[in-house]
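Visitor: Sending over a structure as structure tokens; questions will come in a sec.
Chains as they are written, first to last, in UniProt numbering: chain A, 1 to 348; chain B, 1 to 348.
If you want it as structure tokens, here you go:
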């Protein structure tokens with residue numbers, strides 16, 4: 001089969017690789033219908049983190065089940081399935097706590113030694129605990145809905161998780177720092193899933209701000225740093241926002257988050273850069289803050305989000321603004337690296 | 001009147017000072033029945049933080065109302081009252097959020113220019129929003145109950161706040177790092193107020209551990225650092241504790257908290273040293289942690305805690321192990337500095 005292969009920084013090719021195949025009786029093999037490129041895939045593309053030459057790429061994909069192991073009971077051949085970017089057994093103590101990204105038997109697609117999403121097919125370990133089937137099957141979903149389902153594999157659930165971690169709920173004011181696909185999804189999650197009333201997006205890119213507005217952002221603030229903080233404070237009667245989603249992960253974005261959050265407020269952090277800043281405790285103590293963070297347990301949110309997408313109540317697909325065939329995956333990396341694309345779909 | 005006065009590091013005297021007096025119509029004057037010395041009072045005693053010579057000391061006191069301003073309506077002359085260590089209007093947005101320690105019109109007793117608790121009387125600003133009267137009055141409380149009421153002015157409520165911030169509740173497992181008066185109060189708060197099932201106290205001082213056990217600690221761990229972390233993990237099936245109260249505030253205590261908390265768990269921090277460590281974000285992200293901190297809004301907890309003490313359901317008084325007359329306040333500072341006393345009461 002064909003799959004994207006990492007060669008070196010700035011050099012990704014599509015190669016003939018061994019077909020995805022069952023290894024354990026709890027595995028499934030999924031034929032990929034759509035996959036995409038993640039902001040985190042750019043770390044190795046940019047040479048910021050090391051990745052072994054020859055390793056596979058991509059952790060976001062949807063597809064149809066082609067084969068299942070003897071012990072798989074919840075999905076069957078032919079099912080249209082959505083895969084979270086990590087597999088999980090969904091039964092261990094961490095999974096029972098809703099933290100499937102710390103599953104005792106979990107792992108990430110595209111990690112060295114595994115199949116990546118950016119290929120024709122994927123071996124899915126722990127299929128029962130990982131895959132969620134679209135109830136009506138492939139026939140119930142037209143092609144135009146596939147990107148919306150694809151967005152659930154990572155960014156939509158990750159953005160929502162950030163909003164959840166910030167403590168946002170019905171009627172609340174939420175500020176989202178970060179206008180990448182995750183930040184935009186946080187806007188949509190806060191508004192459409194959690195029912196926030198006022199959602200402020202920090203964005204200086206008009207194309208991204210436009211998606212943010214279509215997702216329900218009530219305000220867009222282009223300023224950064226102290227000016228960005230001042231603008232949010234002005235919008236919130238001087239007191240700051242009760243809920244801030246930190247979807248960047250740099251020292252600068254954390255400074256903004258700490259500067260604009262209201263006394264007693266919450267910061268939900270899903271910005272995970274390759275290096276992690278230190279958090280100054282003083283403002284956390286002084287301002288009675290709640291700081292929550294974590295790699296989003298997509299599987300936890302997937303059944304609900306899937307139902308919303310299939311029923312037409314949620315459409316995160318506008319985070320995708322470029323579609324390429326798998327063979328042109330390198331063009332997608334380049335487009336995202338150069339910020340010409342927010343997020344690129346690979347189709348066929 | 002007589003009051004403790006800060007002269008220099010290691011040098012506190014009792015002097016004749018101007019009588020406490022009404023300034024604003026929202027003030028009350030309270031005749032002090034009992035006051036005490038706080039761990040934070042030791043910072044200037046040790047010369048770790050600067051304090052103006054001649055400034056007054058102490059922020060924990062109970063007493064009887066001697067005089068009230070024209071606008072005071074909730075307490076009257078003769079009432080037995082408990083004062084939180086900070087005054088607050090209890091009506092501003094921060095107070096309405098339950099964060100009276102960030103009141104728009106708040107302040108701390110004993111700050112330069114104010115009366116301290118370690119004296120014969122105290123001017124209490126914002127009396128209506130600050131003082132809580134014992135329902136039955138002075139006659140309903142015998143002298144033996146006064147230390148329990150005194151503990152509510154800071155440490156009992158602060159310890160409880162730490163347990164609340166850790167997310168602890170009915171049936172939970174909580175670890176308390178810190179065996180000072182606040183840590184011990186966190187044990188009592190977790191057990192007696194929140195209904196935690198298993199409360200583990202990190203303590204290597206037998207006298208403090210004994211108080212902890214009397215407050216409901218089910219386990220006492222003397223080890224620190226990696227050994228302390230390993231001991232907690234062993235007690236919790238290898239996964240760590242869901243709730244950790246950080247009541248010290250040093251880099252070492254934070255490392256312990258981060259090392260022993262379960263994936264998805266919470267750290268509630270009320271340890272406020274004079275210097276604030278940086279919090280490494282990596283373990284927060286990796287372990288899906290909730291970190292909450294803040295100077296306890298004692299006023300928020302006071303009505304409930306007062307009712308518990310008066311009805312005999314809660315007795316935090318064992319945090320006090322030395323009683324001295326006001327004139328011997330310097331001996332109290334010395335005893336606490338030398339760890340011969342957990343916490344010292346000043347009576348008469």
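Glycine included, each C-beta is placed from N, C-alpha and C at the ideal position.
Closest Cβ-Cβ distance between residue 97 of chain B and chain A: below 8 angstroms?
Guide: It does: the Cβ of residue 97 of chain B has a partner Cβ on chain A nearer than 8 angstroms.
Visitor: Give the interface partners of residue 289 of chain A over in chain C, defined as CB-CB distance under 9 angstroms, in chain order.
Guide: No chain C is part of this structure, whose protein chains are labelled A and B.
Visitor: Just curious, the alpha helix (DSSP H) that residue 61 of chain B is in, first and last residue?
Guide: Per DSSP, residue 61 of chain B belongs to no alpha helix (DSSP H); it is in the beta strand (DSSP E), 61 to 68.
Visitor: Going by beta carbon distance, what residues of the same chain come within less than 6 angstroms of residue 74 of chain B, once the five residues before and after it are set aside?
Guide: Here the set comprises 128.
Visitor: Quick one: which chain A residues come within Cβ less than 8 angstroms of residue 232 of chain B?
Guide: What residue 232 of chain B touches in chain A: nothing, since even the nearest Cβ is about 16 angstroms away.
Visitor: By a C-beta neighbour count over all protein chains shown, 10 Å radius and 16 as the cutoff for buried, is residue 311 of chain B buried or exposed?
Guide: With fewer than 16 Cβ atoms within 10 Å of its Cβ, residue 311 of chain B is classed as exposed.
Visitor: Quick one: is residue 258 of chain B near chain A, going by C-beta distance under 8 angstroms?
Guide: Not closer than 8 angstroms to any Cβ of chain A, the Cβ of residue 258 of chain B fails to qualify, so no.
Visitor: Please classify residue 229 of chain B: does DSSP put it in a helix, a strand, or coil?
Guide: Residue state, collapsed to three classes: helix.
Visitor: Tell me the rounded alpha-carbon separation between residue 105 of chain A and residue 224 of chain A.
Guide: So the two alpha carbons sit approximately 41 angstroms from each other.
Visitor: I'd like to know whether the C-beta of residue 155 of chain B is nearer than 8 angstroms to at least one C-beta of chain A.
Guide: Not closer than 8 angstroms to any Cβ of chain A, the Cβ of residue 155 of chain B fails to qualify, so no.
Visitor: Start and end of the beta strand (DSSP E) containing residue 351 of chain B?
Guide: Residue 351 of chain B lies beyond the range of chain B shown here (1 to 348); nothing can be said about it.
Visitor: Does the distance from the C-beta atom of residue 36 of chain A to that of residue 320 of chain A stay below 8 angstroms?
Guide: Taking 8 angstroms as the Cβ cut-off, residue 36 of chain A and residue 320 of chain A qualify as a contacting pair.
Visitor: Tell me the residue span of the beta strand (DSSP E) that contains residue 243 of chain B.
Guide: Residues 241 to 246.
Visitor: Can you pull the DSSP bridge partners for residue 323 of chain B?
Guide: According to DSSP, which records beta bridges pairwise, residue 323 of chain B is partnered with B:345.
Visitor: Using three-state DSSP, classify residue 202 of chain A as helix, strand or coil.
Guide: Three-state DSSP puts residue 202 of chain A in a strand.
Visitor: Where are the alpha helix (DSSP H) runs, 4 residues long or more, that stay fully inside the segment 111 to 189 of chain B, in chain order?
Guide: If we require 4 residues or more, the alpha helix (DSSP H) runs fully inside the segment 111 to 189 of chain B come out as 127 to 130, 146 to 151, 155 to 165, 181 to 188.
Visitor: For residue 130 of chain A versus residue 297 of chain A, is the C-beta distance shorter than 8 angstroms?
Guide: Result no, Cβ atoms of residue 130 of chain A and residue 297 of chain A do not sit closer than 8 angstroms.
Visitor: Measure from the alpha carbon of residue 93 of chain B to the alpha carbon of each residue in A:192, A:5, A:239, then state which is nearest.
Guide: Among A:192, A:5, A:239, the Cα nearest to that of residue 93 of chain B belongs to A:239.
Visitor: Can you give me the start and stop residues for the beta strand (DSSP E) that residue 268 of chain A sits inside?
Guide: First-last of the beta strand (DSSP E) with residue 268 of chain A: 261 to 269.
Visitor: If you drop the 5 nearest sequence neighbours on each side, which residues of the same chain put their C-beta closer than 8 angstroms to that of residue 16 of chain B?
Guide: The answer, listed in chain order, is 1, 2.
Visitor: First and last residue of the alpha helix (DSSP H) that includes residue 331 of chain B?
Guide: Where residue 331 of chain B is concerned, the enclosing alpha helix (DSSP H) stretches over 329 to 337.
Visitor: Report the neighbours of residue 94 of chain A on chain B: residues whose CB is nearer than 8 angstroms to its CB, in chain order.
Guide: Near residue 94 of chain A (Cβ distances below 8 angstroms), the residues of chain B are 263, 264.
Visitor: Can you tell me whether DSSP reads residue 25 of chain A as helix, strand or coil?
Guide: Reduced to three states, the DSSP call for residue 25 of chain A is coil.
Visitor: Just to confirm the assignment, what range does the beta strand (DSSP E) spanning residue 286 of chain B have?
Guide: No beta strand (DSSP E) holds residue 286 of chain B; the alpha helix (DSSP H) holding it covers 281 to 286.
Visitor: List, in order along the chain, the chain B residues whose C-beta lies closer than 7 angstroms to that of residue 279 of chain A?
Guide: Correct list: 278, 279, 281.
Visitor: Note down, in chain order, all residues in the UniProt domain "Alcohol dehydrogenase-like N-terminal" (25 to 132) of chain A with a beta-carbon under 9 angstroms from any beta-carbon belonging to chain B.
Guide: Here the close residues are 93, 94, 97, 98, 99, 101, 102.
Visitor: Give the interface partners of residue 176 of chain A over in chain B, defined as CB-CB distance under 8 angstroms, in chain order.
Guide: The contacting residues do not exist; residue 176 of chain A stays about 18 angstroms from chain B at best.
Visitor: Hey, out of B:108, B:89, B:4, B:338, whose CA is closest to residue 57 of chain B's CA?
Guide: That would be B:4, whose Cα lies nearest to the Cα of residue 57 of chain B.
Visitor: Strictly under 8 angstroms for the Cβ-Cβ distance: is residue 248 of chain A near chain B by that measure?
Guide: Cβ-Cβ to chain B under 8 angstroms: no for residue 248 of chain A.
Visitor: Compute the distance between the beta-carbons of residue 221 of chain A and residue 210 of chain A, then report whether it is under 8 angstroms.
Guide: Not a contact, by the Cβ cut-off of 8 angstroms.
Visitor: By Cβ distance below 7 angstroms, which residues in the same chain neighbour residue 150 of chain B in space, the five residues on each side in sequence not counted?
Guide: Result list for residue 150 of chain B: 34, 36, 60, 62, 345, in chain order.
Visitor: What does residue 239 of chain A reach in chain B if we use C-beta pairs closer than 7 angstroms?
Guide: Within chain B, the residues near residue 239 of chain A are 93.
Visitor: Step through the CB atoms of chain B and report whether any lies within less than 8 angstroms of the CB of residue 298 of chain A.
Guide: So no, residue 298 of chain A is outside the interface.
Visitor: In whole angstroms, what is the alpha-carbon distance linking residue 257 of chain A and residue 91 of chain A?
Guide: Their Cα atoms are separated by approximately 35 angstroms.
Visitor: What residues of chain A sit near residue 220 of chain B, judged by a beta carbon separation below 8 angstroms?
Guide: Those do not exist, as residue 220 of chain B stays about 26 angstroms from chain A at its closest Cβ, beyond 8 angstroms.
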